[in-house]
Structure formats: structure tokens, C-alpha cells
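Single-structure report; data block below.
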Amino acid sequence: MPRSVVLGAGAVGVATAFHLQRLGHDVTVIDRQPGAALETSFGNGAVIHASEVEPWSQPGMPLKILKWLGREDAPMLLRPSALPHMWRWGVGFLRNCTEARFHANARANLRLALYSLASLQEIRRALAIEYDCATKGVIKIYRDPAALEAGRRNSTMLAGHGLTFAVLSRDECVAREPALADTAASLCGALYYERDEVGDCHKFVQGLAAHVAARGGRFLYGATVRNLALSGGRVAAVETTAGPVECDNVVAAMGSFTPALLRPLGIDLPIYPVKGVSVTVPAAPWNDAPSHAIIDDGRMFGLIRIGDRLRAAGSAEIAGHDATPSPARAAAIVAKVVETFPGFARCHRPETALVWAGLRPVTPSGVGYMGPTRCANLYVNAGHGHLGWTMSCGAGRLVADIVAGRQPAIDLAGFPSLVA
Ligand SMILES: Cc1cc2nc3c(=O)[nH]c(=O)nc-3n(C[C@H](O)[C@H](O)[C@H](O)COP(=O)(O)OP(=O)(O)OC[C@H]3O[C@@H](n4cnc5c(N)ncnc54)[C@H](O)[C@@H]3O)c2cc1C
1 MPRSVVLGAG
11 AVGVATAFHL
21 QRLGHDVTVI
31 DRQPGAALET
41 SFGNGAVIHA
51 SEVEPWSQPG
61 MPLKILKWLG
71 REDAPMLLRP
81 SALPHMWRWG
91 VGFLRNCTEA
101 RFHANARANL
111 RLALYSLASL
121 QEIRRALAIE
131 YDCATKGVIK
141 IYRDPAALEA
151 GRRNSTMLAG
161 HGLTFAVLSR
171 DECVAREPAL
181 ADTAASLCGA
191 LYYERDEVGD
201 CHKFVQGLAA
211 HVAARGGRFL
221 YGATVRNLAL
231 SGGRVAAVET
241 TAGPVECDNV
251 VAAMGSFTPA
261 LLRPLGIDLP
271 IYPVKGVSVT
281 VPAAPWNDAP
291 SHAIIDDGRM
301 FGLIRIGDRL
311 RAAGSAEIAG
321 HDATPSPARA
331 AAIVAKVVET
341 FPGFARCHRP
351 ETALVWAGLR
361 PVTPSGVGYM
371 GPTRCANLYV
381 NAGHGHLGWT
391 MSCGAGRLVA
401 DIVAGRQPAI
411 DLAGFPSLVA
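The working numbering numbers the first residue of the sequence shown as 1 and each following residue consecutively.
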């Protein structure tokens, strides 16, 4: 039985371990945290969204980032202190902001997102994981007709590749989601993505990890990976704070921390952390809270019902690897949510709200790395950015197939590679 070691017990690592085990591998998952999904996969926006596959590297974005410089409440904030460490990543980001690259990258992401959605649904049917799943879709609301038209154009471009969506008038928005009544007067319409889903990523990953463990998979928690010991051009063992772990294959799925592990091997993996924030509160005090996930395009937040909780999520801060939530940015999100949904103020009590931040592992193209490296038995599954929960089940399955020497189920043309 091949011994496969997965580094990182986030959504991506655990899904990879699950699929490797299904293919008959003996799996060990190593993570520095005391359990699964305790870093970026913990408090994310919870949406499985094929509708948000457009990368952040897109035409017009560099100008917007410049305009937002120094504004503490900006949707995307580049801190000058980060610049010296990310200039190569930044050049790659700029290169991907052309119309042609943007469309190609969005199409690659959509292919993976749809495959991943099917993969998640398959796991859901097979295992009874309780993760506050909801399948009502996502409503993305607009106030600016030009922005609505741009969103409609992008979705139409992707509709040719499998995305389904509908344009809603203001009245149709309220008919579908009565909680939008308070803000309807300011809206010019919405895009509705019926197939998008919602679910608590942390709960799902914990459930999936328990399933893998019950079938003999090992989880080495509280162990920090220090480096990879090579022998004859292959990884012979993973060196950790809990001692060495011998292996036949290694999959590095440590999110934003993957590049630092590969750098000493001469492997340059362009992933940079982009910090986001979420604020989670009990939904109960607001009787008529939205039942659909709402994305507010202009104010750039998502408000998502996860079981009996509401989560406001958003913000993109380029500021290095520190995942401490910034109180100012959390407050800015809450203020924007209350502007759109005054009812949210009834649920939000600073003393009970769970304020969290995570580091999205973002590549210059906005498309993740899945597959081999120049080191024969070392693979990566990282860099799925703002879509890591969406992509996890599909990316895990693809990388497991590659490790096992099987043909991946989708065409990987258009995805970045470390061996090209
Ligand atoms: C505010 C916010 C909202 C988001 N909303 C959504 C959304 O709605 N939908 C969506 O699809 N995605 C969303 N995302 C993105 C998604 O959360 C991430 O892409 C995803 O969680 C990344 O998963 P991962 O497994 O790659 O990384 P992680 O979850 O970060 O897992 C990496 C693991 O590696 C471990 N690790 C790192 N270094 C070491 C080391 N040296 N030794 C041992 N262990 C190590 C960490 O402990 C961690 O458990 C959001 C992100 C944020 C921040």
C-alpha cells in the first residue's frame, strides 16, 4: 500500500487525503493545529460558488487597488510594508489582468468549480456529514447598472461553459428574498445563481477527517512541518516537530504557507496570502434574516446564513502572513452590512460576535496549483484563493488521481504547473 503523506489539514488537504484513501493509499495528514480546518478553512464565507470564479487579477483591478491605497475601509487594501516581499507575485498579477488572461483563468476555475460541486454532492450522498448545508443559491445584488451589466456579461461568457444564472429585476429580488425589501429601493437588479450552495467548511472538513480516521488514516496534529528530507531526488521523509514521517508520496496543501516549504528545494510557488475577515452572530434576534446567501457587489461583502448563524464576510488585505483580524476592517464590514440590512444590527453584539480572519492563498492568475513538482514524489494542491472551499473536493480528487497515476477527470489545460 503506498504511504501518502498530506501536509495541511485544511479543506484542500483533508479532501486530498479522503480521495487518496479511496484509491487504496495509506494516508497520514500532518498539521500544526490541534484539529482539522482551524486556519483559513475555519470561518470563511461558506459559499460553494461557481458563480464567483472570476479571478481578482482582472482588467481595471490595478487601478482600483491604487485608488484604494491607504484607505482603511477599502475592499482591497495593499499595505506598503508587504511590497518588498511580493514584487514578483505582483508582476505576475499585473500580467494576468488582461481581458484574454482573465477570461481563460475564469474558464479554468469554472471547470474545476463545477467538477468540485459534483464531487462534494457525491460525498454528501455517501457520508452523512452534518455541515449546515443549504442549496437555495446565491443572489448577487447591484446598485450600479454598469456593474450589473458587467456582471451579466461575465456570467454570459461563462454560461457557454456550464454556468447557470438568471437576471432578477428589483421586484423579483424581493419576491425571491423578502429580506431585501429594506434595501430594494437602492437596487437596480441582481444576478441569481441557483446552483451555488452554502455549508460550514469547518464542520464539513472535520466530518470528512473523522471519516478518513475511522478508516485507518492517521492525523498527526500539533506537529509543525519543518522541511522535506530528500534522498535520490525524492522526498524520503517529512521532518516535523514531532519527528520524521517516512513516505512514498507527499502532497503539500498548506495554503499560504506552502511556498516557504518548497523554496529550499528550489521550487518557486507564487502564492501570496490575502487576508479576509468574517463576523459570525446568532441569527435568532432577526426573524426575517435572509435565507439566501447574499453578495453585495457595490459594498463588497457577503451575508450568509449558516444554519442558525449569520456570517458577514469580505475584505482583502495584502499585509503578509499575520492572520490577526483587524478590528477596523471587521467594523467596516459590519457597518456595510447594516447599511444594506438594518436587521443585522439586532443580531450583532460586539461581546458575542465571533470575529475571525484567514489568509486566502492567492496565485497571480487566481487559479490554483494542482499536480507534480520537479521532485519526483512531491505534489502540490494549493493556491485556490477566494475559492478554496468551493474547489476543495474536486481539487482533492484530481490531485489524488495524479498521485495514483490515474487520468484526471477534467482537462488541466489552462491550470498553472510547476513542471512546465
Ligand atoms: C474571509 C474569507 C472568506 C472566504 N469565503 C470563501 C467562500 O465563501 N467560498 C470559498 O470557496 N472559499 C472562501 N474563502 C477561501 C477559502 O477559505 C480558502 O481558499 C481555503 O480555506 C483554503 O484551504 P486550504 O486547505 O488550502 O488552506 P488552509 O485551510 O489554510 O489549510 C492549510 C493547513 O496547513 C497547516 N499548516 C500550514 N503551515 C504548516 C506547517 N508548517 N506545518 C504544519 N501544518 C501547517 C495549517 O494549520 C492549515 O490547517 C474565503 C476565505 C476568507 C479568508
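All C-beta atoms, glycine included, are put in the ideal place defined by N, C-alpha and C.
Between GLY276 and ligand 1, is the CB less than 8 Å from at least one heavy atom?
-> Counting from one through the sequence shown, the residue named residue 276 turns up at place 276. Checking the Cβ of GLY276 against ligand 1 gives yes.
Quick one: is PRO364 buried, meaning 16 or more other Cβ sit within 10 Å of its Cβ, or exposed?
-> The residue labelled residue 364 in the question sits at position 364 within the sequence shown. Flag for PRO364 reads buried.
Secondary structure, beta strand (DSSP E): runs of 3+ residues fully inside the segment 127–184 = Fully enclosed beta strand (DSSP E) runs of 3 or longer: 138–142, 166–168.
Shortest alpha-carbon distance to VAL225 belongs to which of ALA253, SER51, CYS347?
-> Counted from its first residue, the sequence shown places residue 225 at position 225. Of the listed residues, the one whose Cα sits closest to VAL225 is ALA253.
C-beta atoms of LEU180 and ASP297 nearer than 9 Å = Position 180 of the sequence shown, counted from the first residue, corresponds to residue 180. Position 297 of the sequence shown, counted from the first residue, corresponds to residue 297. No. Outside cutoff.
Test item: CB-CB of ALA9 and TYR221 under 9 Å | Here residue 9 refers to the residue found at position 9 of the sequence shown. Here residue 221 refers to the residue found at position 221 of the sequence shown. Taking 9 Å as the cut-off, the Cβ atoms of ALA9 and TYR221 count as close.
To which residues does DSSP link PHE219 through a beta bridge?
-> In the sequence shown, residue 219 corresponds to position 219, counting from 1. Beta bridge pairing from DSSP links PHE219 with VAL29.
Give a yes or no on contact between the segment 365–377 and the segment 233–251, applying the rule of three or more CB pairs nearer than 8 Å.
-> By the criterion of at least three beta-carbon pairs nearer than 8 Å, the segment 365–377 is in contact with the segment 233–251.
Beta-carbon contacts of GLY137 that lie in its chain and below 7 Å, excluding the five residues immediately before and after | As a working mapping, residue 137 is identified with position 137 in the sequence shown. Excluding residues within five positions, the ones whose Cβ falls inside 7 Å are TYR192, TYR193, GLU194, ARG195, ASP196, HIS292.
Determine, using beta carbons only, whether VAL274 and GLU317 come nearer to each other than 9 Å.
-> Along the sequence shown, one-based indexing puts residue 274 at 274. Along the sequence shown, one-based indexing puts residue 317 at 317. It is a contact, given that the beta carbons lie within the stated cut-off.
Is ALA289 near ligand 1, judged by its Cβ being under 8 Å from some heavy atom?
-> One-based indexing of the sequence shown puts residue 289 at position 289. No, the Cβ of ALA289 stays beyond 8 Å of every heavy atom of ligand 1.
Which residues in the same chain have their Cβ closer than 6 Å to the Cβ of GLU246, if we skip the five residues on either side of it in sequence?
-> In the sequence shown, counting from the first residue as 1, residue 246 sits at position 246. Within the same chain, GLU246 has close Cβ partners ALA237.
Can you give me the Cβ contacts of LEU78 inside the same chain, cut-off strictly under 7 Å, excluding the 5 residues immediately before and after it?
-> Here residue 78 refers to the residue found at position 78 of the sequence shown. By the criterion of a C-beta distance shorter than 7 Å, LEU78 is surrounded in its chain by ILE65, LEU69, ILE318, once the five residues flanking it on both sides are discounted.
Would the C-beta of SER41 count as close to ligand 1, meaning under 8 Å from any of its heavy atoms?
-> In the sequence shown, residue 41 corresponds to position 41, counting from 1. Yes, since a heavy atom of ligand 1 falls inside the 8 Å radius drawn around the Cβ of SER41.
Among the residues of its own chain, which have a CB less than 7 Å from the CB of MET61, if the five just before and after it don't count?
-> To locate residue 61, count along the sequence shown from 1; it is residue 61. These residues qualify, in order along the chain: CYS97.
Flag this pair as touching only if the segment 39–48 and the segment 300–313 have three or more C-beta atom pairs under 8 Å; answer yes or no.
-> By the Cβ test, the segment 39–48 is in contact with the segment 300–313, since at least three Cβ pairs between them sit closer than 8 Å.
Cα separation between GLY24 and VAL14?
-> Within the sequence shown, numbered from 1, the residue matching residue 24 stands at position 24. Within the sequence shown, numbered from 1, the residue matching residue 14 stands at position 14. About 15 Å.
DSSP puts TRP356 in a beta bridge; with which residues?
-> By one-based count along the sequence shown, residue 356 stands at place 356. Looking at the DSSP output, TRP356 shares a beta bridge with SER278.
Sufficient close CB pairs (3 or more, under 8 Å) joining the segment 124–137 to the segment 203–211 = Yes, they touch.
Taking C-beta to C-beta, are VAL355 and ALA330 nearer than 9 Å?
-> Along the sequence shown, read from residue 1 onward, the residue named residue 355 stands at position 355. Along the sequence shown, read from residue 1 onward, the residue named residue 330 stands at position 330. Cβ atoms of VAL355 and ALA330: closer than 9 Å.
With a CB to CB cut of under 7 Å and the five nearest residues on each side skipped, what residues in its chain are close to ALA146?
-> Within the sequence shown, residue 146 is the residue found at index 146, counting from 1. Cβ within range, chain order: n/a, list empty.
Take LEU20 as the anchor and find which of ILE410, VAL419, ALA400, LEU63 has the nearest alpha-carbon.
-> Within the sequence shown, residue 20 is the residue found at index 20, counting from 1. Closest option to LEU20, judged by alpha-carbon separation, among ILE410, VAL419, ALA400, LEU63: ALA400.
Applying the criterion that 16 or more other CB atoms from any shown protein chain within 10 Å of the CB defines a buried residue, is VAL108 buried or exposed?
-> Here the question's residue 108 lines up with position 108 in the sequence shown. Just to set this straight, residue 108 is Ala in the shown sequence, not Val. The residue is buried, with at least 16 neighbouring Cβ atoms inside 10 Å.
What are the complete beta strand (DSSP E) segments, minimum 3 residues, inside the segment 67–116?
-> Secondary structure within the segment 67–116: the beta strand (DSSP E) runs of 3 or more consecutive residues, fully enclosed, are 76–78 (chain order).
In angstroms with no decimal places, state the Cα-to-Cα distance between SER41 and ALA11.
-> In the sequence shown, counting from the first residue as 1, residue 41 sits at position 41. In the sequence shown, counting from the first residue as 1, residue 11 sits at position 11. Taking the straight line from one Cα to the other gives about 6 Å.
Flag this pair as yes or no: are the beta carbons of VAL167 and ARG152 separated by less than 9 Å?
-> As a first step, residue 167 is located in the sequence shown; it is residue number 167 there, counting from the start. As a first step, residue 152 is located in the sequence shown; it is residue number 152 there, counting from the start. Going by C-beta atoms, VAL167 is nearer than 9 Å to ARG152.
Indicate, with yes or no, if ligand 1 has a heavy atom lying under 8 Å from the CB of THR224.
-> In the sequence shown, counting from the first residue as 1, residue 224 sits at position 224. Yes, the beta carbon of THR224 sits closer than 8 Å to at least one heavy atom of ligand 1.
Shortest alpha-carbon distance to VAL53 belongs to which of ARG32, ALA159, PRO34, GLY320?
-> The residue given as residue 53 occupies position 53 in the sequence shown. For VAL53, the nearest C-alpha among the options comes from ALA159.
Which partner residues of LEU191 appear in the DSSP bridge assignment?
-> Here the question's residue 191 lines up with position 191 in the sequence shown. According to DSSP, which records beta bridges pairwise, LEU191 is partnered with LYS140, VAL167.
Under 9 Å between C-beta atoms of LYS431 and ALA190 | Outside the displayed span of the chain (1 to 420) sits residue 431, for which this structure offers no information.
Count the other CB atoms within 10 Å of the CB of ALA175; is the residue buried (16 or more) or exposed (fewer)?
-> Position 175 of the sequence shown, counting from 1, holds the residue named residue 175. That one is exposed.
Limits of the unbroken alpha helix (DSSP H) element including PRO327 | Here the question's residue 327 lines up with position 327 in the sequence shown. Counting along the chain, the alpha helix (DSSP H) containing PRO327 begins and ends at 327–340.
Contact check, ASP182 vs GLY343, beta carbons under 9 Å | Locating residue 182 in the sequence shown gives position 182, counting from the first residue. Locating residue 343 in the sequence shown gives position 343, counting from the first residue. Yes; because the gap between Cβ atoms is below 9 Å, this pair is in contact.
Can you tell me the Cα-Cα spacing of TYR379 and ASP73, whole angstroms?
-> Along the sequence shown, read from residue 1 onward, the residue named residue 379 stands at position 379. Along the sequence shown, read from residue 1 onward, the residue named residue 73 stands at position 73. Distance between the alpha carbons of TYR379 and ASP73 is about 38 Å.
Could you check if ASN154 is buried or exposed, using at least 16 other CB atoms within 10 Å of its CB as the buried criterion?
-> In the sequence shown, residue 154 corresponds to position 154, counting from 1. By the C-beta density criterion, ASN154 is buried, having at least 16 other C-beta atoms within 10 angstroms.
Counterpart residues of GLY371 in DSSP-defined beta bridges = Looking up residue 371 in the sequence shown gives position 371. DSSP lists VAL380 as partners of GLY371.
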